[in-house]
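Here's the structure we're looking at; comments come further down.
In the UniProt record's numbering, the protein residues as written are 1 to 200.
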């Protein structure tokens, strides 16, 4: 009887360890899956950005091509009568425009498809974000983006202040001492309270 009790206790302890190991393994698999999803989303967003740049360049090229053909046609028209206009140029123009439009539509379709894939991945990620702390990652990214925007704004304000100082110098209205100190003063230094004020 005592042997059965010991054996039962040993089996229970063994099963508990197996269960804990299984839960740990499942959690590790979830974390790996989440990291993979985040990596895929980043790759999709990079692909979308590249496709958008290609579409933008293709649109600019299409506009330049149209303008070039129009200029060529105007030149030919100025050098000859309307009856002698070379209709082959018009046909080539229409062919080029149709081809470029087709390429543009294809690139736009690829961009939309990439957007849809990224949206689906984000949806899957949101459904499982309770298992992994994705919100903390998103918050940190938002904080970094906010800091980056603030730094850019500070830099822009500083450059604008330097530009205004330069303009005043050219107009002869700026003081020489202020001009010499301007490159060493940041836009936020005016709001700094001296240590003496803090002691009072």
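Think of the CB as a built atom: it goes at the ideal place given N, C-alpha and C, for glycine as much as any other residue.
Item, Value
"At least three beta-carbon pairs within less than 8 Å, the segment 114 to 124 to the segment 44 to 54", "yes"
"Rounded straight-line distance, which links the Cα of residue 145 to that of residue 110", "28 Å"
"Given 8 Å, three or more beta-carbon pairs between the segment 89 to 108 and the segment 59 to 78", "yes"
"Local Cβ density within 10 Å of residue 107, reported as buried at 16 or more and exposed below that", "buried"
"Buried versus exposed, by CB contacts within 10 Å (16 or more), residue 137", "exposed"
"Residue 104 vs residue 62 beta-carbon contact at 8 Å", "yes"
"Inter-residue spacing [alpha-carbon to alpha-carbon] between residue 168 and residue 156", "18 Å"
"Same chain only: Cβ atoms within 8 Å of residue 121, ignoring 5 sequence neighbours per side", "37, 40, 41 and 44"
"Cut-off 8 Å between Cβ atoms - residues of its own chain near residue 59, not counting five sequence neighbours on either side", "104"
"Length of the line joining the Cα atoms of residue 54 and residue 160", "33 Å"
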